[in-house]
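K.L.:
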Amino acid sequence: MKEELIISGRMNPRIDPELAIWHWEIPFYLFVGGLAAGILFFASFYYLRGKANEMPNTVKWAPLLAPILLIAGLGALFLDLNHKLYFWQLYTTIKLQSPMSWGAWTLLVITPLSLLWCFSYLSELFPKWNWKQKTLSRFETYLVGKRKILAWIMVFFSVILGIYTGILLSAFNARPLWNTSILGPLFLTSGLSAGAAFILLISKNNFEKQLFRKIDLIIIGVELFFIIHMFMGFLASTQVQIDAAKLFLGGDYTLPFWIFVVFLGMIVPALLEYLEMKGQKIPSYIPAILVIFGSLMLRFIIVNAGQVSRYLY
Amino acid sequence: MRYAMAIDTRKCVGCSDCVVACQIENKVPEGFCRDWVVEATSGTYPKLELEIRSERCNQCGNAPCVRCCPTGSSFYADGGIVLVDPDKCIGCGACIASCPYDARYVHPEGFVDKCTFCIQRVRKGQRPACVEVCPTNCMYFGDLDDPNSEVSIKLKERKHKTLIPEAGTDPHLYFLI
Ligand code: SF4
Ligand code: SF4
């Protein structure tokens, strides 16, 4: 037997009995960050491949959501802070070892970037749009000419944003569940798959739909591979990581994880998308919503379970 | 200079005087504590073994809290003591999530707080409050770079261990066993 008890009565709020420093704000922030990363990645990628007119939903419509998501994410991050008035201190240092720091800087770049992108398409998307001011419409014309540069920067930063949402957690070696480098690629693929699902959700264009079904299927396959790999890694590692894996293999998080994230969020939508590709009539919003829901659940479950997994006591 | 603390698990009786001393010296807000006492039982009845440890921040030499802090508010001060600058702290909780010892907490005023090895006393040449007040004299404090300091001598004389060395934090809180 081995039992460790704190006998002096430590009950620090949000630390004891279990770490609960992060509530809904951080998983929400990671989710919207991942989704925005996915949307912006596909938009700039297909723009650079010269598909802007063939795939208007991907390149022009979907990105309209990105700045909203990013601003909501920043809002959630702000709500999470306990010393809110000192928020600006985040932007007085760049600390590369701290993912929270370079993530905050990435957001500072990609949020205005996504706004500029949307700005450059406003007149095209809404022909009745009328800039009341000359300078604004001139600025739009200027941006239209710069789309290529914008797209290049956006491809780059959207991947960083997608990876960051996972690395933020894996930098914390104190929590055995998070301490795996696979979390970066896992969250990146989950964000890409949610982005693809969103495009599927809004697209009326058959070519685009078919393409994104295929893309989503591949990404879900890669995601499943990462998940299996993650558990294999844990089970072959130290005792604390075996314990962390057990949270999902019989422990408290088993049902929510395997049902909501893996079954409903990956396997079912993958099957539905496959059947659709084979010509079955299935409303395509069903798999799309399931994928987005699974991606949200993944963040919530990993953030919560990670706080429960620990070294001591 | 490298401050460290050694605590004799064979002398500690678990009275928690160190906890109270810290709360008074450092005006720790009510309901919080910077140090705490752990009772670890191992073995099977009737062959049980008991270890009592007074724990606090380990003033890590490779502190994940300093690494993860996005603003530089958590930093290494003199003698390797890890401090938080409340005027730079945004209260994001990254350092709390990154400390394997759960040694930090959010102060009711919003910034993050933890054991400072009573740096305000140490700078005046005094020992930390917990060390000073311990009725069994089971804590030793001093400079590891000075071979004649209390703590260096104890660490030479006695077998000792640190907590969770596998987390790679290079802790500077030693437990004499
Ligand atoms: S014990 Fe925790 S708070 Fe103290 S220095 Fe180490 S990681 Fe930081
Ligand atoms: S809560 Fe404060 S000290 Fe901790 S990581 Fe955030 S800014 Fe740094």
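Chains C and B are the protein sequences, given in the same order. Here the working numbering is used: the first residue of the first sequence is 1, the next is one more, and so on. Here the working numbering is used: the first residue of the second sequence is 314, the next is one more, and so on. Every residue, glycine too, gets a C-beta built ideally from N, C-alpha and C. A quick note: this is a predicted structure, and the numbers were derived from the prediction, not measured.
Tell me the DSSP secondary structure of glutamate 3 of chain C in three-state form.
P.N.:
Walking along the first sequence from the start, residue 3 of chain C turns up at place 3. If DSSP states are grouped into helix, strand and coil, glutamate 3 of chain C belongs with the strands.
K.L.:
What would DSSP say about tryptophan 117 of chain C, mapped onto helix, strand or coil?
P.N.:
For the purposes of this step, residue 117 of chain C is taken as residue 117 along the first sequence, with counting starting at 1. Tryptophan 117 of chain C: helix per DSSP, three-state reduction.
K.L.:
Compute the minimum distance between the beta carbon of tyrosine 414 of chain B and the heavy atoms of ligand 1, and state whether it is under 6 Å.
P.N.:
Locating residue 414 of chain B in the second sequence gives position 101, where the first residue counts as 1. It does: the Cβ of tyrosine 414 of chain B is within 6 Å (strictly closer) of some heavy atom of ligand 1.
K.L.:
Pick out the complete alpha helix (DSSP H) segments inside the segment 353-436 of chain B, 4 residues or longer, and give them in chain order.
P.N.:
377-381, 407-411 and 432-435
K.L.:
Taking only beta-carbon positions, decide if serine 181 of chain C is within less than 7 Å of chain B.
P.N.:
Locating residue 181 of chain C in the first sequence gives position 181, counting from the first residue. Not one chain B Cβ lies under 7 Å of serine 181 of chain C.
K.L.:
Got a sec? Which residues, its chain only, sit under 7 Å from aspartate 391 of chain B by beta carbon, not counting five neighbours each side?
P.N.:
Here residue 391 of chain B refers to the residue found at position 78 when the second sequence is read from its first residue. Excluding sequence neighbours, aspartate 391 of chain B sits near Met314.
K.L.:
Does the separation of the CB atoms of proline 413 of chain B and alanine 174 of chain C fall below 7 Å?
P.N.:
Here the question's residue 413 of chain B lines up with position 100 in the second sequence. Here the question's residue 174 of chain C lines up with position 174 in the first sequence. Going by C-beta atoms, proline 413 of chain B is nearer than 7 Å to alanine 174 of chain C.
K.L.:
Can you pull the chain C neighbours of serine 329 of chain B, defined as C-beta to C-beta under 7 Å?
P.N.:
Within the second sequence, residue 329 of chain B is the residue found at index 16, counting from 1. The contacting residues are Ser8.
K.L.:
Identify the continuous beta strand (DSSP E) that holds aspartate 330 of chain B and give its terminal residues.
P.N.:
Here residue 330 of chain B refers to the residue found at position 17 when the second sequence is read from its first residue. Unbroken run through aspartate 330 of chain B is the alpha helix (DSSP H), 330-338; no beta strand (DSSP E).
K.L.:
Do isoleucine 202 of chain C and asparagine 57 of chain C have their C-beta atoms within less than 7 Å of each other?
P.N.:
Residue numbering aside, residue 202 of chain C sits at position 202 when the first sequence is read from its first letter. Residue numbering aside, residue 57 of chain C sits at position 57 when the first sequence is read from its first letter. Cβ distance < 7 Å, so isoleucine 202 of chain C and asparagine 57 of chain C count as in contact.
K.L.:
I'd like the span of the alpha helix (DSSP H) that includes tyrosine 86 of chain C, first residue to last.
P.N.:
The residue labelled residue 86 of chain C in the question sits at position 86 within the first sequence. Taken as a continuous stretch (DSSP letters only), tyrosine 86 of chain C belongs to no alpha helix (DSSP H), as it is neither H nor E.
K.L.:
For a contact meaning CB atoms closer than 8 Å, what does glutamine 241 of chain C contact in chain B?
P.N.:
Residue numbering aside, residue 241 of chain C sits at position 241 when the first sequence is read from its first letter. Within 8 Å Cβ-Cβ: nothing; glutamine 241 of chain C doesn't reach chain B, min ~11 Å.
K.L.:
What did DSSP end up calling leucine 150 of chain C once you bin it into helix, strand or coil?
P.N.:
The residue you call residue 150 of chain C lines up with position 150 of the first sequence. Here leucine 150 of chain C sits in helix by DSSP.
K.L.:
Threonine 357 of chain B versus chain C: which residues are under 7 Å apart at the beta carbon?
P.N.:
Numbered from 1 along the second sequence, position 44 holds the residue referred to as residue 357 of chain B. Result: Met1.
K.L.:
State the CB to CB distance for the pair threonine 180 of chain C and glycine 233 of chain C, rounded to an integer number of angstroms; the pair is presumed to be in contact (CB under 8 Å).
P.N.:
Along the first sequence, one-based indexing puts residue 180 of chain C at 180. Along the first sequence, one-based indexing puts residue 233 of chain C at 233. That pair is a contact at about 6 Å.
K.L.:
Interface residues of chain B around alanine 236 of chain C at Cβ under 7 Å?
P.N.:
Your numbering for residue 236 of chain C matches position 236 in the first sequence. Against alanine 236 of chain C, chain B offers no close residue; the least beta-carbon distance is about 16 Å (beta-carbon pairs closer than 7 Å).
K.L.:
Got a sec? Which residues, its chain only, sit under 8 Å from valine 222 of chain C by beta carbon, not counting five neighbours each side?
P.N.:
What you label residue 222 of chain C is simply residue 222 of the first sequence in a count that begins at 1. Within the same chain, Cβ atoms closer than 8 Å to the Cβ of valine 222 of chain C are found at Thr189, the five residues on either side in sequence being excluded.
K.L.:
Secondary structure at histidine 23 of chain C, three-state DSSP: helix, strand or coil?
P.N.:
Position 23 of the first sequence, counted from the start, is the residue given in the question as residue 23 of chain C. Looking at histidine 23 of chain C - three-state DSSP - the assignment turns out to be coil, as it is neither helix nor strand.
K.L.:
Can you check whether the C-beta of proline 484 of chain B is within less than 7 Å of a C-beta belonging to chain C?
P.N.:
Numbered from 1 along the second sequence, position 171 holds the residue referred to as residue 484 of chain B. So, not an interface residue.
K.L.:
What's the gap between the Cα of cysteine 370 of chain B and the Cα of threonine 429 of chain B?
P.N.:
Locating residue 370 of chain B in the second sequence gives position 57, counting from the first residue. Locating residue 429 of chain B in the second sequence gives position 116, counting from the first residue. Approximately 8 Å between the Cα atoms of the pair.
K.L.:
Say whether the segment 438-458 of chain B touches the segment 315-328 of chain B, bearing in mind that this needs 3 or more beta-carbon pairs closer than 8 Å, one atom from each stretch.
P.N.:
The answer is yes - the segment 315-328 of chain B touches the segment 438-458 of chain B, with three or more Cβ pairs under 8 Å.
K.L.:
Quick one: which unbroken alpha helix (DSSP H) runs of 4-plus residues sit fully inside the segment 226-264 of chain C? Chain order, please.
P.N.:
Segments of the alpha helix (DSSP H) lying fully in the segment 226-264 of chain C: 239-246.
K.L.:
Residues of chain C with CB closer than 7 Å to the CB of arginine 380 of chain B, please, in chain order.
P.N.:
As a position in the second sequence, residue 380 of chain B is number 67, starting the count at 1. Chain C residues near arginine 380 of chain B: Gln97 and Ser98.
K.L.:
Do leucine 81 of chain C and isoleucine 432 of chain B have their C-beta atoms within less than 7 Å of each other?
P.N.:
Within the first sequence, the letter at position 81 stands for residue 81 of chain C. Within the second sequence, the letter at position 119 stands for residue 432 of chain B. Contact flag unset, no.
K.L.:
Kindly list the residues whose CB is nearer than 7 Å to the CB of proline 63 of chain C, restricted to its own chain and excluding five residues on each side of it in sequence; keep chain order.
P.N.:
For the purposes of this step, residue 63 of chain C is identified with residue 63 of the first sequence, where counting begins at 1. Cβ neighbours of proline 63 of chain C beyond the five flanking positions: Ile39, Leu40, Ala43, Ser114, Trp117 and Cys118.
K.L.:
Looking at C-beta atoms only, is the number of pairs between the segment 197-216 of chain C and the segment 279-294 of chain C that lie closer than 8 Å three or more?
P.N.:
Touching, yes.
K.L.:
Got a sec? Which residues, its chain only, sit under 7 Å from leucine 235 of chain C by beta carbon, not counting five neighbours each side?
P.N.:
What you label residue 235 of chain C is simply residue 235 of the first sequence in a count that begins at 1. Excluding residues within five positions, the ones whose Cβ falls inside 7 Å are Ile242 and Ala245.
K.L.:
Could you tell me whether the segment 350-367 of chain B touches the segment 15-29 of chain C, where touching means 3 or more Cβ pairs closer than 8 Å?
P.N.:
no
K.L.:
Is alanine 407 of chain B close to ligand 2? I mean its beta-carbon at under 6 Å from any heavy atom of the ligand.
P.N.:
Taking the first residue of the second sequence as position 1, residue 407 of chain B is located at position 94. Flag set: Cβ of alanine 407 of chain B near ligand 2.
K.L.:
For the segment 10-23 of chain C, list every residue whose C-beta sits within 8 Å of some C-beta in chain B, in sequence order.
P.N.:
Among the residues of the segment 10-23 of chain C, those with a Cβ less than 8 Å away from any Cβ of chain B are Arg10, Met11, Asn12, Pro13, Arg14, Ile15, Asp16, Leu19, Ile21 and Trp22, in the order of the chain.
K.L.:
Give me the DSSP bridge partner(s) of isoleucine 266 of chain B.
P.N.:
Nothing can be reported for residue 266 of chain B, as the shown portion of chain B is limited to 314 through 490.
K.L.:
Run through chain B and tell me which residues come within less than 9 Å of aspartate 80 of chain C, C-beta to C-beta.
P.N.:
Start at 1 with the first residue of the first sequence, and residue 80 of chain C comes out as number 80. What aspartate 80 of chain C touches in chain B: Gly404, Cys405 and Gly406.
K.L.:
Mind the definition here: the segment 209-216 of chain C touches the segment 264-284 of chain C only if three or more C-beta pairs lie below 8 Å; say whether that holds.
P.N.:
yes
K.L.:
Kindly list the residues whose CB is nearer than 8 Å to the CB of leucine 312 of chain C, restricted to its own chain and excluding five residues on each side of it in sequence; keep chain order.
P.N.:
Locating residue 312 of chain C in the first sequence gives position 312, where the first residue counts as 1. If we look at leucine 312 of chain C and ignore the five residues flanking it on each side, its Cβ neighbours are Glu4.
K.L.:
By how many angstroms is the C-alpha of arginine 434 of chain B removed from the C-alpha of tyrosine 91 of chain C?
P.N.:
On the first sequence, position 91 is the one that residue 91 of chain C refers to. On the second sequence, position 121 is the one that residue 434 of chain B refers to. Cα to Cα, tyrosine 91 of chain C sits roughly 33 Å from arginine 434 of chain B.
K.L.:
So lysine 204 of chain C and serine 284 of chain C are in contact, right, with Cβ under 8 Å, and what is the actual spacing, rounded?
P.N.:
Residue numbering aside, residue 204 of chain C sits at position 204 when the first sequence is read from its first letter. Residue numbering aside, residue 284 of chain C sits at position 284 when the first sequence is read from its first letter. Not quite, the Cβ-Cβ distance comes to about 10 Å (not below 8 Å), so this is no contact.
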